[in-house]
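Just below is one structure, and these are the notes that go with it.
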Amino acid sequence: MRRFIYIIVFWMLVLPLFARPKIGLVLSGGGAKGLAHIGMLKVIEEAGLPIDCIVGTSMGAIIGGLYAMGYSADQIEAEIRKIDWDAMLTNDVPREDFYVSEKRWKPMSNYYFNLSPGFKPSLPQGFITGNTIHLDLFKMSWQKAHIRHFDELKIPFRCIGTSLTSGNMIVFEEGSLADAMRASSSLPSIFMLFEYENDLIIDGGISQNLPIEIARRMGMDYVIALKTNTKLNDKEGLKNAISVLNQTINIGMTKNMEHSIELADLVISPSVDLYQATDFKKANEIITIGEIEASRYFSVFDSLAAVINTDHTPKVISQEVSVLPDTISFNWIYVENNVRMHSAKIREYVDLQPHKSYTKQAVMDAFYLAWASDLFDQIYPRISETNGQYILTIVVKEKEGRRLGVNLTYNNYNGLVAGNVLEFNNIIQKNSKLLINTQLGGRHALDIDYVKNFGKHFGIYFRLFPYVKEDNIYVFNEEHEKTMSLKYLEYGTNLGMGFFSFKNNIIEPYLYHYHINIYKNVTDTDIDQKQVYSSGFGLKYYHEKVDDLFFTTSGEKILAKLNLADINKFNKYKYKKLLLRENTFVPLTKYSSAFWQLEYGTYFESDPVKVDPFYLGGIDSFIGSNPLEIKTSFYRSARLGMRLNWNKEYFLDFIYNYLTWGESDRWFEMDKKKSAVGLIFGKKYMITPLRLAVSMDNKQHLYYYISIGYDYDAFEFSRR
Numbered sequence: 002m003r004r005f006i007y008i009i010v011f012w013m014l015v016l017p018l019f020a021r022p023k024i025g026l027v028l029s030g031g032g033a034k035g036l037a038h039i040g041m042l043k044v045i046e047e048a049g050l051p052i053d054c055i056v057g058t059s060m061g062a063i064i065g066g067l068y069a070m071g072y073s074a075d076q077i078e079a080e081i082r083k084i085d086w087d088a089m090l091t092n093d094v095p096r097e098d099f100y101v102s103e104k105r106w107k108p109m110s111n112y113y114f115n116l117s118p119g120f121k122p123s124l125p126q127g128f129i130t131g132n133t134i135h136l137d138l139f140k141m142s143w144q145k146a147h148i149r150h151f152d153e154l155k156i157p158f159r160c161i162g163t164s165l166t167s168g169n170m171i172v173f174e175e176g177s178l179a180d181a182m183r184a185s186s187s188l189p190s191i192f193m194l195f196e197y198e199n200d201l202i203i204d205g206g207i208s209q210n211l212p213i214e215i216a217r218r219m220g221m222d223y224v225i226a227l228k229t230n231t232k233l234n235d236k237e238g239l240k241n242a243i244s245v246l247n248q249t250i251n252i253g254m255t256k257n258m259e260h261s262i263e264l265a266d267l268v269i270s271p272s273v274d275l276y277q278a279t280d281f282k283k284a285n286e287i288i289t290i291g292e293i294e295a296s297r298y299f300s301v302f303d304s305l306a307a308v309i310n311t312d313h314t315p316k317v318i319s320q321e322v323s324v325l326p327d328t329i330s331f332n333w334i335y336v337e338n339n340v341r342m343h344s345a346k347i348r349e350y351v352d353l354q355p356h357k358s359y360t361k362q363a364v365m366d367a368f369y370l371a372w373a374s375d376l377f378d379q380i381y382p383r384i385s386e387t388n389g390q391y392i393l394t395i396v397v398k399e400k401e402g403r404r405l406g407v408n409l410t411y412n413n414y415n416g417l418v419a420g421n422v423l424e425f426n427n428i429i430q431k432n433s434k435l436l437i438n439t440q441l442g443g444r445h446a447l448d449i450d451y452v453k454n455f456g457k458h459f460g461i462y463f464r465l466f467p468y469v470k471e472d473n474i475y476v477f478n479e480e481h482e483k484t485m486s487l488k489y490l491e492y493g494t495n496l497g498m499g500f501f502s503f504k505n506n507i508i509e510p511y512l513y514h515y516h517i518n519i520y521k522n523v524t525d526t527d528i529d530q531k532q533v534y535s536s537g538f539g540l541k542y543y544h545e546k547v548d549d550l551f552f553t554t555s556g557e558k559i560l561a562k563l564n565l566a567d568i569n570k571f572n573k574y575k576y577k578k579l580l581l582r583e584n585t586f587v588p589l590t591k592y593s594s595a596f597w598q599l600e601y602g603t604y605f606e607s608d609p610v611k612v613d614p615f616y617l618g619g620i621d622s623f624i625g626s627n628p629l630e631i632k633t634s635f636y637r638s639a640r641l642g643m644r645l646n647w648n649k650e651y652f653l654d655f656i657y658n659y660l661t662w663g664e665s666d667r668w669f670e671m672d673k674k675k676s677a678v679g680l681i682f683g684k685k686y687m688i689t690p691l692r693l694a695v696s697m698d699n700k701q702h703l704y705y706y707i708s709i710g711y712d713y714d715a716f717e718f719s720r721r
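Plus 1 on top of the position in the sequence shown (first one is 1) and you've got my numbering.
Below, the structure written as structure tokens:
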């Protein structure tokens, strides 16, 4: 500290005779730990110390870029708090933003691999595309989005990237501010690489995490470096793949900082060693730590400010910069980097027209909506200005047309099931999807679902859905113990042509045929092979408007299916079958929701198909029975509950379930009744969800459920 006081005294005595000293600020990377920069900026502001240039790396580039364009520290903190870090650090598009054409299917894979035309699987460049963070950065930097040289910002700015091909440091001093901030924070293997001038850019910290030399090149007399990366871990701290990857990156960062630190006049290092680079939910603590550490140097900042603002030197005058208006009209709209999709089709998905006025929010909504189409790994805007005319460039990286998804599920009914799905987007025909799903283990299945859409937001579609599956049927006694195990093989085909409307509604008339064989598996009772085949006409309706399919806190879903069949050479039965299900979630507070699920199944007055009943029981059906324990032709069920959720990672459901069923559809006089109460705990991991449940029926019998992975029928709507 004494050294810094001597330096300040020197400035106070000597520099008033010359031009005022220029103060540079250098901000390091560090992921969430870099949020400490915000706290340190608060102290610098409080001291009234003007900054003449900012140089940043990774998180330092993001915070430094926002500060350079005119945000205060408090405003940056407010923007940071608005960010949904869970969504930003994943590839997930919010379910409510999905096109309804994607809502036909539930999530079905833990992870996807890209496939070459020769069907060779490959890992992507990064597990996170980074499109969400790119759009958020563009939104935050909107007012200066048209600025092309960073010297034209309120404070001249530079940020650092690293060329993956050469390893050289890349200094961003012009272009799109959002692009530069995104490129600088491209953590290798985590974020998809950023393409820039025919090069691939990764996190700037790899080549220079504390780029003090750049500030010196910009003519700074006094450089303050804010260092938020941490020391290397010892052996005990390297227990998983993430910690090893973080250590590998940190080795390079640590070595390239040793020389840089010597070039700084003041280095501030807040104590953030106990935090991880992903601890964004601890923003309050990290910002406070930065503020506390910087407060130790308040006298230094204050003395520097006194030197700069002395009457013997010129006062600081903020640069006047142009501001992009909140309502804008584009004179031209171009598409960049498209390979397979025509530019006109991409402009159609973005749905912005030249010479028409749009608000900032409307422009951002257009790109978020195009991102929800599931056609792009990346799609983001650039805006430039020429003689008062605005140009919008739509930059895209198209999603691979061929993908292989893998999925592992486990429950205490079917055991372990391994599956994979081959996905072909726009390969067979334009605007089409082909899914080939296979499952082996506790159940066997092959589902082939081909859909061809005519329209984007709304229109008609054609579906062909052949399938075959083999599964178990269990018979239980009065004590809910398994007494018989049967197997059944079912195969069939659906052929439909439906209508979809934007985000929420699908209706599909279809023809169907199926064949079921039931045969002996594990049982002491002889059973003749039973079979049934049936053909008929069906009508399906689906409505969905929920925020998340697995972790729902608001919205509703409706599923309705009606099957009609008559006796003919393709059908042994005449019947009418109806299934109705409605789910609603109503938010009560930030961390709680009320919900209900109502179900109704009936064969009306027709004779039920004995080998094709409704199966009830389990974590997603009636919680007071074993999975699929109850088999019936007529039923009504009501589930009421309260969901407590926190951090968007966990939930806990308190449930009351009531069921009535029988062999005839008497609305108030069903043959059997049953009720149950239960608890469901859910955890949403990055790769797969987990659910644990316990329940007790009205006869005080306990049931336990374990569900790991996407443990449901992803093709529920596709089936008859």
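Where a beta carbon is used, it is the ideal one built from N, C-alpha and C, also for glycine.
Going by the CB atoms, is the gap between residue j and residue i shorter than 8 Å?
{"i": "Glu-214", "j": "Leu-264", "result": "yes"}
{"i": "Val-351", "j": "Gln-379", "result": "no"}
{"i": "Thr-58", "j": "Gly-205", "result": "yes"}
{"i": "Asn-506", "j": "His-458", "result": "no"}
{"i": "Arg-637", "j": "Tyr-601", "result": "yes"}
{"i": "Ile-656", "j": "Val-678", "result": "yes"}
{"i": "Lys-649", "j": "Thr-661", "result": "no"}
{"i": "Leu-436", "j": "Val-418", "result": "no"}
{"i": "Tyr-223", "j": "Leu-305", "result": "yes"}
{"i": "Ile-207", "j": "Ala-184", "result": "no"}
{"i": "Met-182", "j": "Cys-160", "result": "yes"}
{"i": "Gly-31", "j": "Phe-158", "result": "no"}
{"i": "Ile-262", "j": "Leu-227", "result": "no"}
{"i": "Leu-116", "j": "Leu-409", "result": "no"}
{"i": "Asp-548", "j": "Arg-96", "result": "yes"}
{"i": "Val-308", "j": "Pro-22", "result": "yes"}
{"i": "Asp-613", "j": "Phe-635", "result": "no"}
{"i": "Phe-586", "j": "Gly-556", "result": "yes"}
{"i": "Tyr-711", "j": "Lys-107", "result": "yes"}
Could you tell me if residue i is buried or exposed, where buried requires 16 or more neighbouring beta carbons within 10 angstroms of its beta carbon?
{"i": "Arg-297", "result": "exposed"}
{"i": "Gly-416", "result": "exposed"}
{"i": "Ile-166", "result": "The question names Ile, but residue 166 in the sequence shown is Thr. Its Cβ having fewer than 16 others within 10 Å, Thr-166 is exposed."}
{"i": "Asp-85", "result": "exposed"}
{"i": "Arg-82", "result": "exposed"}
{"i": "Arg-692", "result": "buried"}
{"i": "Phe-455", "result": "exposed"}
{"i": "Arg-721", "result": "buried"}
{"i": "Asp-375", "result": "exposed"}
{"i": "Gly-291", "result": "buried"}
{"i": "His-260", "result": "exposed"}
Closest to residue i by C-alpha separation, out of the options, would be which residue?
{"i": "Arg-640", "options": "Phe-596, Lys-649 and Phe-652", "result": "Phe-596"}
{"i": "Thr-289", "options": "Ile-334, Gly-35, Gly-49 and Leu-579", "result": "Gly-35"}
{"i": "His-135", "options": "Ala-33, Leu-703, Ile-161 and Ser-186", "result": "Ser-186"}
{"i": "Trp-647", "options": "Phe-302, Thr-553 and Gln-532", "result": "Thr-553"}
{"i": "Leu-581", "options": "Ala-561, Asn-518, Val-94 and Ile-568", "result": "Ala-561"}
{"i": "Asn-495", "options": "Tyr-451, Glu-174 and Asp-666", "result": "Tyr-451"}
{"i": "Ala-295", "options": "Ile-309, Asp-274, Gln-277 and Val-268", "result": "Val-268"}
{"i": "Asp-366", "options": "Phe-139, Ser-73, Leu-275 and Ile-77", "result": "Phe-139"}
{"i": "His-147", "options": "Asp-137, Asn-388 and Pro-614", "result": "Asn-388"}
{"i": "Asn-339", "options": "Asp-137, Val-364, Tyr-381 and Phe-302", "result": "Tyr-381"}
With a threshold of 7 Å on Cβ separation, who are the neighbours of residue i within its own chain once the five nearest residues in sequence on each side are excluded?
{"i": "Ala-216", "result": "Gly-25, Val-27, Cys-54, Val-56 and Val-224"}
{"i": "Leu-589", "result": "Ala-595"}
{"i": "Phe-551", "result": "Lys-685 and Pro-690"}
{"i": "Asp-200", "result": "Ser-164 and Thr-166"}
Excluding sequence positions up to five away, which residues of its chain have a Cβ less than 6 Å from the Cβ of residue i?
{"i": "Ser-593", "result": "Leu-645"}
{"i": "Val-469", "result": "Leu-447 and Tyr-492"}
{"i": "Ser-270", "result": "Lys-228"}
{"i": "Ile-429", "result": "Leu-435"}
{"i": "Val-476", "result": "Thr-484 and Met-485"}
{"i": "Asp-98", "result": "Ala-373"}
Note down, in chain order, each residue of its chain lying with its Cβ closer than 8 Å to the Cβ of residue i, except the 5 sequence neighbours on either side.
{"i": "Ile-688", "result": "Asn-111 and Tyr-112"}
{"i": "His-356", "result": "Ser-330, Phe-331 and Asn-332"}
Given 8 Å, three or more beta-carbon pairs between the segment 610-625 and the segment 691-699:
yes
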